[in-house]
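**Q**
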Amino acid sequence: MTAWTRRRLLTSAAATALPAAGLATAAAPPARAAAATARTGDADVADALRALPAVRLIEERQDAGPGYRHFVLGLRQPVDHTNPAAGTFEQRLTLLHTAADRPTVLFSTGYTAVLTPRLTEPAVLLGANQLQVEHRYFGASRPAEPGYAHLTIRQAADDHHRVVRLFRRIYPGAWISTGGSKGGMASVYHRRFHPHDVNGTVVYSAPNNTDDRDDRAYLRFLETVGTPAAREAQRTAQRAILLRRAEMAARYEAWAAAANDTFRLVGGADRALEIAVLRAPFMFWQRGTPADVAAIPGPGATDGELYTWLDDTAGLELYADTTARNYIPYWYQIGTQLGYGGFPTAHLAGLLRHPGAAEPRSFVPRDVPLRFDRAAMPDIDRWVRRRGSRLLFLYGTQDPSVAEHFRPGGPDSRVLWVPGGNHGADLADLSPADRTAAEDTLARWAGQEYFTHTLGT
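Here the sequence shown stands for residues -26 to -1, 1 to 431, numbered as in mature numbering (1 follows the signal peptide of the UniProt record, and there is no 0).
(1) Pick out whichever of L105, V19, D132, G113 has its Cα sitting closest to the Cα of T56.
(2) So, L284 versus I215, is the Cβ gap smaller than 7 Å?
(3) Quick check on this structure: which residue in H71, R24, E291 has the alpha carbon closest to the alpha carbon of A38?
(4) In angstroms with no decimal places, state the Cα-to-Cα distance between F380 and E221.
(5) I believe Y314 touches N183 by the beta-carbon criterion, under 8 Å. Please report the beta-carbon distance rounded to the nearest angstrom.
(6) Along the alpha helix (DSSP H) that carries R43, what are the first and last residues, could you check?
(7) Counting pairs of Cβ atoms below 8 Å between the region 146 to 163 and the region 171 to 181, do you hit three or more?
(8) Out of D403, A294, G421, Y306, state which residue places its alpha-carbon closest to the alpha-carbon of A228.
(9) For A(-10), which three-state DSSP category applies?
(10) Report yes or no: do the region 324 to 343 and the region 373 to 391 share at least 3 C-beta pairs separated by less than 8 Å?
(11) Ordered along the chain, which non-local residues of its own chain (more than five positions away) have a Cβ less than 7 Å from that of E378?
(12) Is it true that the CB of P117 sits closer than 7 Å to the CB of V53?
(13) Are the Cβ atoms of L67 and L93 separated by less than 7 Å?
(14) According to the neighbour-count rule (16 or more other Cβ atoms, all chains shown, within 10 Å of its Cβ), is P96 buried or exposed?
(15) For Q258, which of helix, strand or coil comes out of DSSP?
(16) Of all the options P58, Q65, L69, which has the alpha carbon lying nearest to the alpha carbon of Q36?
(17) Given P271, which residues of its chain have a CB within under 6 Å of its CB, disregarding the five upstream and five downstream residues?
(18) Can you grab the Cα-Cα spacing for the pair D400 / T415, in whole Å?
(19) For K156 and G324, I'd like the C-alpha separation in whole angstroms.
(20) Identify the continuous beta strand (DSSP E) that holds T175 and give its terminal residues.
(21) Which first and last residues belong to the alpha helix (DSSP H) in which G157 is found?
(22) Restricting to Cα atoms, I'd like to know which of L196, L290, I127, D266 is closest to A233.
(23) When you compare only the Cα positions, how much space is there between G147 and L125?
(24) My output table needs one value for A417: the three-state DSSP class, helix, strand or coil.
(25) Assuming Y226 is part of the alpha helix (DSSP H), what are its boundary residues?
(26) Out of A332, Q208, V29, H135, point me to the one whose CA is closest to A275's CA.
(27) In the DSSP assignment, what residue or residues form a beta bridge with W391?
(28) Rounded to the nearest angstrom, how far is the Cβ of A250 from that of A230, given a contact under 8 Å?
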């Protein structure tokens, strides 16, 4: 297991994943929910789930906290919601059930479902049920068709819409949607196409790549974030790694051989190394702390120290085939609708060998077309600015996602900031006044009687 795997760093400029920002709260369920399973009808929730059309109860796992039951479910979804003839696939869901008369939190990862039974912040605050939706084409939720023609934001939004319609039969109360990073983006896209499915949405650290492939916003951010000394230390480390490219690539290849891994998708260890170096500053600031700044290798660093820093920061495992193939659908989305940011390269002049190496095309097989839809993200942005209601966005000021962040203009919507926060910022990190405002908003959306004020106590 690499250092990257242990730290579960996020992977990309449109943001990635596991766990999502603000969404891995390992807090105990609120005391009010602890006795929920004894309420009338809850003992039959498994039967109610089996009775839902197109739902398969795969298993009930015995790992939930007090007052909760943990189910793994499969939902038969259309491959194309506009064309029944396109067939179906089974989408993976997980359910943390506490009581049918509690609110329900719809949780989107944007990626593979997380089977660890952790409650999101909104679910903790509300003592709510939590229904997690694995994104189509990720994990176990993969249509059998070749290619990714039906991997679009609208099709995924329609997946979420069908989930809500079905599960309201069991959970008729208030619904709140939430997600962090790419999961937060998916939550926004769901609201764009089905604005009345839920009572409100809490979005963590979600970028809004409205300018499509215009790199300037991300370049400006990465050239100004942190201190000049921290940025110079990163640049020095990047140059040092590329100046010792042969040694670094050899270490990388040796690791891959020991792990029985390869670099066929991206085109070799040398190219993968260059991608990791280019992405290092972005990924550093996603999770960086003052302690991480102090740990950037200096001019006298050894090969081992530089290699370890790059692995800890950019996740070398990401670019080898075993992991990279799992993220082909992510890069497909980046290259067709979600957009992508850029990386400063002036300080690496003369050291780069692979033009465009960090672009989505490097991670998507050549026989899969990548045609970018320049209308998709501006449409989302217009809706959020003009019509999106009951949207709460949370950002850390040092997170690269803020280079292009959402700016809601509709009713009962706002952005809250965590000064100095990164991609893991959550409601508990806000100032007392902003935290109270966010909690009050969530309480109002869900109904005041459901609110527990337990987080952080």
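We treat Cβ as the ideally placed atom computed from N, Cα and C, and that holds for glycine.
**A** On the basis of the coordinates in this document:
(1) Put simply, of L105, V19, D132, G113 the residue whose alpha carbon is nearest the alpha carbon of T56 is D132.
(2) With respect to the 7 Å criterion, L284 and I215 are classified as neighbours on the basis of their beta carbons.
(3) Of the candidates H71, R24, E291, the one whose C-alpha sits nearest the C-alpha of A38 is H71.
(4) So the two alpha carbons sit approximately 42 Å from each other.
(5) With a Cβ gap of about 7 Å, Y314 and N183 count as contacting.
(6) Premise fails: R43 lies in the beta strand (DSSP E), 43 to 52, not in any alpha helix (DSSP H).
(7) Output reads yes: the region 171 to 181 touches the region 146 to 163.
(8) If you compare the alpha carbons of D403, A294, G421, Y306 with that of A228, the shortest gap goes to A294.
(9) Any reading at A(-10) needs caution, since the residue's pLDDT is 32, under 50, leaving its predicted position unreliable; the model's value is listed next. Residue state, collapsed to three classes: coil.
(10) No: fewer than three Cβ pairs fall under 8 Å.
(11) For E378, where only same-chain residues beyond five positions count, the Cβ hits under 7 Å are P181, N182, N183, T184, D185, A191.
(12) The answer is yes: Cβ separation under 7 Å.
(13) Contact: no.
(14) Buried, because 16 or more other Cβ atoms sit within 10 Å of the Cβ of P96.
(15) Here residue 258 is Phe; the residue named in the question, Gln, does not match the sequence. Under the three-state reduction of DSSP output, F258 falls in the helix class.
(16) Taking each of P58, Q65, L69 in turn and checking the Cα distance to Q36, the smallest one comes out for L69.
(17) So the qualifying residues of the chain are A211, E279, L280, W283.
(18) Using only the alpha carbons, I get a separation of about 15 Å.
(19) The straight-line gap separating the alpha-carbon atoms of K156 and G324 is approximately 34 Å.
(20) Counting along the chain, the beta strand (DSSP E) containing T175 begins and ends at 174 to 178.
(21) Run containing G157: 156 to 167, per the alpha helix (DSSP H) assignment.
(22) With distances taken between CA atoms, A233 lies nearest to L290 out of L196, L290, I127, D266.
(23) Taking the straight line from one Cα to the other gives about 31 Å.
(24) Here A417 sits in helix by DSSP.
(25) Y226 -> alpha helix (DSSP H) spans 219 to 232.
(26) Of A332, Q208, V29, H135, the residue nearest in Cα terms is Q208.
(27) The secondary-structure analysis by DSSP pairs W391 across a beta bridge with Y369.
(28) The Cβ separation is near 13 Å, so there is no contact.
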